[in-house]
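Q: After the structure tokens below, expect a handful of questions from me.
This is the structure in structure tokens:
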């Protein structure tokens, strides 16, 4: 192996080791059922391998990878759209993950589902991927002030949706409990 | 409810915090490396010989483990390239060893697996294989009978400790899974390993740790490095709320080996003929070693003559009045 190739591999290994989990996470919730997250991750890093000289150093590499992942998934979806428009619609409205078993997670995912795709993406890039508004702007290729505004709105909308769902959940619990008490009274002959 | 409460709930729901995420990363890593290696091969004037993963599927249990060991060796080299002088040659030697070992292991061989803890024997198992036939002799701490289990032409033979001679237990496929791990389960688990999970884990990039090479007086070479435990011991499920990780050949990983991110000292011995002879993993007071022999030249396994059927044996033991 030549020195140049060895150095190239070393750098790629570092890049992959540092950011693989980030990109797997992002592709996992961003890809949707009409795309293949694993395929997307592979394509992102294959792109990085081929264009290693273009990949910025330091934390900027992470943003570069997210932006690449976004384009890869968009390409996947375009390809899918040609085959199945219905599947594409599902992808845009689907929750980021499969049905969660944890009750709180269920509420979170339902609240996310109620957001627009762009609100959802901005919010999760911030809260799940830990990107700053400036970094989000780079990924989305939009002005920083736009990213900040979107993030603010997305948080507010998520909170509103989550609160409403939580309140409904508590209300349903109460309404389930009250008839049960009534039945007990009736059966037991109590006043 | 405050915004921070709703965001806290959102953060708790992050898929990274959920079970199975590490495995998703491992699975994706396999695809990444496969494509990168394919791209490298396509760019080279003389394409490398890549071993299609599917070719390994369906080989015998031990053959699979051998392929795994070979892949560990390849991983060590690739993951540590540039660390020490002469690694370029080490990489070539490892790749060759991996090819030779896997090719030989597809036919036949023998592997002795040993695990020690605080210098005491914890587990010891010898597996011989020829094609799909298999013999497993367990002399470990928990299975001290030392009597082999044999599978020839799909029929399983064993021993009743109270009687001499072989017992024909029955076709492998008909043995009740509820009675424990059957040979079918073992074969399926290991084939599943080679079909994806293990090789994916092992080929995943892990640049930490240096690679050293030592030439032995017998012509063999020992390569040493560190490998994350998760690359070697795979997750097989939960027990009492804890993730169970298991080494090739079915031994549960303890202590640091149970933590997939722990770096375990690993030594791979390649014989003078370029075939992998041994893989040894150590952590704390534990040691796990697999030693290979007769690769490609192990004799055929023969069904025992005069084996009694299990029904016959039981009838003799408990005669009907």
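Protein chains in written order, with my numbering: chain A, 1 to 191; chain B, 1001 to 1321.
Cβ coordinates follow ideal geometry from the N, Cα and C atoms, glycine included.
What's the C-alpha gap between residue 1285(B) and residue 1126(B)?
A: Looking at the two C-alpha atoms, the distance is approximately 22 Å.
Q: Going by CA-CA distance only, name the one from 1139(B), 1231(B), 1228(B) that's closest to residue 1114(B).
A: Residue 1114(B) has its Cα closest to that of 1139(B), out of 1139(B), 1231(B), 1228(B).
Q: Between residue 125(A) and chain B, is any beta-carbon pair separated by less than 8 Å?
A: Cβ-Cβ to chain B under 8 Å: no for residue 125(A).
Q: How is the beta strand (DSSP E) around residue 1133(B) delimited, first residue to last?
A: Residue 1133(B) -> beta strand (DSSP E) spans 1133-1138.
Q: Could you tell me which residues DSSP puts in a beta bridge with residue 1152(B)?
A: BP columns for residue 1152(B) point to 1155(B).
Q: Just to confirm the assignment, what range does the alpha helix (DSSP H) spanning residue 1271(B) have?
A: Looking at the DSSP string, residue 1271(B) is not in any alpha helix (DSSP H), and its letter there is neither H nor E.
Q: Have a look at residue 1154(B) and residue 41(A) and give me their C-alpha separation to the nearest angstrom.
A: Straight-line Cα distance between these residues: approximately 41 Å.
Q: Reducing DSSP to helix, strand and coil, say where residue 128(A) ends up.
A: It is coil, neither helix nor strand.
Q: Can you grab the Cα-Cα spacing for the pair residue 1253(B) / residue 36(A), in whole Å?
A: About 32 Å.
Q: I want to verify the contact list: residues of chain A whose CB lies under 8 Å from the CB of residue 1031(B), in sequence order.
A: Within 8 Å Cβ-Cβ: 38, 39, 41, 42.
Q: In the structure shown, what three-state DSSP assignment does residue 1266(B) receive?
A: Note: residue 1266(B) maps to strand in three-state DSSP.
Q: Can you name, in chain order, every residue of its own chain whose Cβ lies under 6 Å from the Cβ of residue 1215(B), other than the five neighbours on each side?
A: Around residue 1215(B): 1221.
Q: Could you please give the first and the last residue of the uninterrupted alpha helix (DSSP H) stretch that includes residue 21(A)?
A: Segment 3-31, the alpha helix (DSSP H) holding residue 21(A).
Q: Considering only their Cβ atoms, is the gap separating residue 21(A) from residue 1025(B) smaller than 8 Å?
A: Contact flag set, yes.
Q: For residue 46(A), return the contacting residues in chain B, with the cut-off set at a CB-CB distance below 8 Å.
A: The answer, in chain order, is 1032, 1035, 1036, 1039.
Q: Using a 10 Å radius around the Cβ and a threshold of 16 neighbouring Cβ atoms, would you call residue 152(A) buried or exposed?
A: Residue 152(A) is exposed by the Cβ-count criterion.
Q: Could you compute how far the alpha carbon of residue 16(A) sits from the alpha carbon of residue 45(A)?
A: The alpha-carbon atoms of residue 16(A) and residue 45(A) are separated by roughly 8 Å.
Q: Is the shortest distance between the beta-carbon of residue 164(A) and the beta-carbons of chain B less than 8 Å?
A: No, because no Cβ of chain B sits closer than 8 Å to the Cβ of residue 164(A).
Q: Does DSSP classify residue 1117(B) as helix, strand or coil?
A: Residue state, collapsed to three classes: strand.
Q: Give the secondary structure of residue 1217(B) by DSSP, where H, G and I count as helix, E and B as strand, and everything else as coil.
A: The answer is coil: DSSP assigns residue 1217(B) none of H, G, I, E or B.
Q: Determine, using beta-carbon pairs with one atom in the segment 118-138 of chain A and one in the segment 1005-1021 of chain B, whether at least three such pairs fall under 8 Å.
A: As far as the Cβ criterion goes, the segment 118-138 of chain A touches the segment 1005-1021 of chain B, which means the pair count is three or higher.
Q: For residue 1110(B), which of helix, strand or coil comes out of DSSP?
A: Three-state result, residue 1110(B): strand.
Q: Considering just the uninterrupted stretch of the alpha helix (DSSP H) at residue 1171(B), what are its terminal residues?
A: Careful: residue 1171(B) lies outside any alpha helix (DSSP H), inside the beta strand (DSSP E) at 1166-1171.
Q: By alpha-carbon positions, which one of 1259(B), 1224(B), 1168(B) ends up nearest to residue 1303(B)?
A: Closest option to residue 1303(B), Cα to Cα, is 1168(B).
Q: Using a Cβ cut-off of 8 Å (strictly closer), state whether residue 64(A) contacts chain B.
A: Output row for residue 64(A): interface = no.
Q: By how many angstroms is the C-alpha of residue 1257(B) removed from the C-alpha of residue 1136(B)?
A: Between residue 1136(B) and residue 1257(B), the C-alpha separation is close to 24 Å.
Q: Compare the C-alpha of residue 9(A) against each of 1023(B), 1020(B), 1039(B) and name the closest.
A: Comparing Cα positions, the closest option is 1039(B).
Q: Is the CB of residue 152(A) under 8 Å away from at least one CB in chain B?
A: No, its Cβ sits nowhere closer than 8 Å to a Cβ of chain B.
Q: Less than 8 Å separating the beta-carbons of residue 1287(B) and residue 1116(B)?
A: Closer than 8 Å, so yes.
Q: Is any beta-carbon of chain B found at less than 8 Å from that of residue 122(A)?
A: No, because no Cβ of chain B sits closer than 8 Å to the Cβ of residue 122(A).
Q: Give me the residue from 1037(B), 1282(B), 1029(B), 1226(B) with the minimum Cα distance to residue 1119(B).
A: The shortest C-alpha separation from residue 1119(B) is found at 1282(B).
Q: Rank 74(A), 7(A), 51(A), 11(A) by C-alpha distance to the C-alpha of residue 31(A) and give the top, closest one.
A: The candidate whose alpha carbon is nearest that of residue 31(A) is 74(A).
Q: With DSSP run on the structure shown, which of helix, strand or coil describes residue 109(A)?
A: Helix, per DSSP.
Q: Quick one: list the residues of chain A neighbouring residue 1012(B), beta-carbon separation under 9 Å, in chain order.
A: Going along chain A in sequence order, the residues near residue 1012(B) (Cβ under 9 Å) are 102, 104, 105, 108.
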